[in-house]
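In this text, residue positions in the sequence shown follow this note's numbering: the first is 16, and each later residue adds one. We put the CB at the ideal spot given by N, CA and C, even for glycine.
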Amino acid sequence: MKHILLGALLASALLASPLFAADQAAREPYGIALEGFAYPYPVNLLPLVNDGEQLRMAYMDIGASGQPNGRTVVLLHGRNFPSSYWAPVIRTLTGAGYRVVVPDQVGFGKSSKPAGELHFDTLARNTIALLDHLQIAKADIVAHSMGGMLAVRIVRAYPDRVSRLVLTAPIGLEDYRLYVPPTPTEKILEAEDRLTAEGYRKQLETNYALKLPPDQVTPFIESRFNLKGSAEYPRWLRAFVSSAQMIYREPVVHEIPLISQPTLFIMGADDHNAPGRPNAPEALRAKMGQNAELAKALANLMPDARAEVIPNTGHLVFLEAPEKYDELVLGFLGAR
16 MKHILLGALL
26 ASALLASPLF
36 AADQAAREPY
46 GIALEGFAYP
56 YPVNLLPLVN
66 DGEQLRMAYM
76 DIGASGQPNG
86 RTVVLLHGRN
96 FPSSYWAPVI
106 RTLTGAGYRV
116 VVPDQVGFGK
126 SSKPAGELHF
136 DTLARNTIAL
146 LDHLQIAKAD
156 IVAHSMGGML
166 AVRIVRAYPD
176 RVSRLVLTAP
186 IGLEDYRLYV
196 PPTPTEKILE
206 AEDRLTAEGY
216 RKQLETNYAL
226 KLPPDQVTPF
236 IESRFNLKGS
246 AEYPRWLRAF
256 VSSAQMIYRE
266 PVVHEIPLIS
276 QPTLFIMGAD
286 DHNAPGRPNA
296 PEALRAKMGQ
306 NAELAKALAN
316 LMPDARAEVI
326 PNTGHLVFLE
336 APEKYDELVL
346 GFLGAR
């Protein structure tokens with residue numbers, strides 16, 4: 016334990032050092048589709064047309080490594096994370112016999128960054144188009160953070176395509192418009208552009224109550240800030256800000272009680288993430304982000320749902336408590 020703690024302290028010191036900053040600055044920038052950033056499995060590209068714009072949706076399609084059970088799980092990523100962060104969950108699911116499909120939604124990761132605005136309905140259609148392309152009639156969905164909002168829209172719009180739903184630390188369990196006034200896109204662009212890598216690290220640690228060692232957080236920093244040297248960075252930034260406006264303008268909480276598929280919420284007890292909270296009036300901020308309690312209340316309104324809360328974990332619950340998370344997911348997906 017002493018060696019682990021020492022290693023974490025050394026890694027933290029290295030990340031804060033001028034040498035690390037110099038190394039970061041010297042690196043060749045990633046491309047707008049995260050060229051230069053490694054994914055754990057081969058990445059394929061599906062051509063799509065959204066609002067008249069030719070785009071490509073990146074995805075990983077991984078077959079079962081254990082005895083195949085004939086079922087498919089689709090993993091949906093969060094806003095601040097490339098889909099590569101699902102690697103340990105992919106290993107668990109494929110080892111249990113599942114085929115696993117892991118898309119980067121348009122606007123994220125290795126997928127195209129559209130010039131137009133992002134909308135959950137469009138992302139839902141894209142995901143179903145991917146399942147059609149792969150000839151997958153029905154799948155289970157395991158989603159995290161913003162991916163949880165998308166999963167709700169998919170299961171509501173295409174109920175016959177989803178068997179079971181796992182919502183992992185989802186956002187959107189409340190309507191943020193009740194707390195946060197509308198924010199002009201240009202103001203968000205300016206704020207995001209001013210953010211430094213170290214500021215972003217602190218933002219992730221604060222917003223997500225991270226309990227990960229620094230080396231596990233660094234890829235999230237790099238997947239964003241190594242893009243800043245790219246000539247296409249402004250287009251990436253506009254797509255990233257469009258996703259923030261999508262979360263704000265297109266709430267899904269009112270649809271959650273209408274979901275009839277078996278649903279499992281897996282929440283981190285310390286996860287109080289609430290997009291836009293800094294822009295809310297001070298008197299309202301404390302009311303936002305009571306995510307574990309919100310999940311329990313919503314599960315009680317649903318015909319077939321339950322919420323599990325894992326103590327001493329934050330927003331990245333599947334990385335912070337992997338053994339418990341895997342146990343819950345495999346038990347739920349295997350229940351028939």
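The DSSP assignment places no complete alpha helix (DSSP H) segment of no fewer than 4 residues inside the segment 43-102. For Arg140, the uninterrupted alpha helix (DSSP H) run begins and ends at 135-148, by DSSP. Less than 8 angstroms divides the Cβ of Lys128 from the Cβ of Ile47. The criterion of a C-beta distance shorter than 8 angstroms is satisfied by Ala307 and Val324. With fewer than 16 neighbouring CB atoms inside 10 Å of its own CB, Pro83 falls in the exposed class. In this structure Leu180 is not in contact with Leu61, their Cβ atoms being roughly 23 angstroms apart against a cut-off of 8 angstroms. By the criterion of at least three beta-carbon pairs nearer than 8 angstroms, the segment 273-284 is in contact with the segment 315-322. Using a Cβ-Cβ distance cut-off of 8 angstroms, the segment 203-222 and the segment 64-83 are not in contact, since fewer than three pairs of beta carbons, one from each stretch, lie closer than that value. Between Phe135 and Glu265 the beta-carbon gap is near 5 angstroms, inside 8 angstroms, which marks them as a contact. Under a 10 Å Cβ-count criterion, Asp66 is classified as exposed, with fewer than 16 other Cβ atoms of the shown protein chains found around its own Cβ. The beta carbon of Ser238 is closer than 7 angstroms to those of Leu49, Phe52, Pro97 in its chain, skipping five residues each way along the sequence. Taking the CA atoms as reference points, Asp76 sits about 10 angstroms from Ile105.
Cβ-Cβ distances below 6 angstroms link Tyr173 to Ile143 in the same chain, with the five nearest sequence neighbours on each side left out; the list follows chain order.
For Pro118, the secondary structure class from DSSP, reduced to helix, strand or coil, is strand. The beta carbon of Thr107 is closer than 6 angstroms to those of Asp341 in its chain, skipping five residues each way along the sequence.
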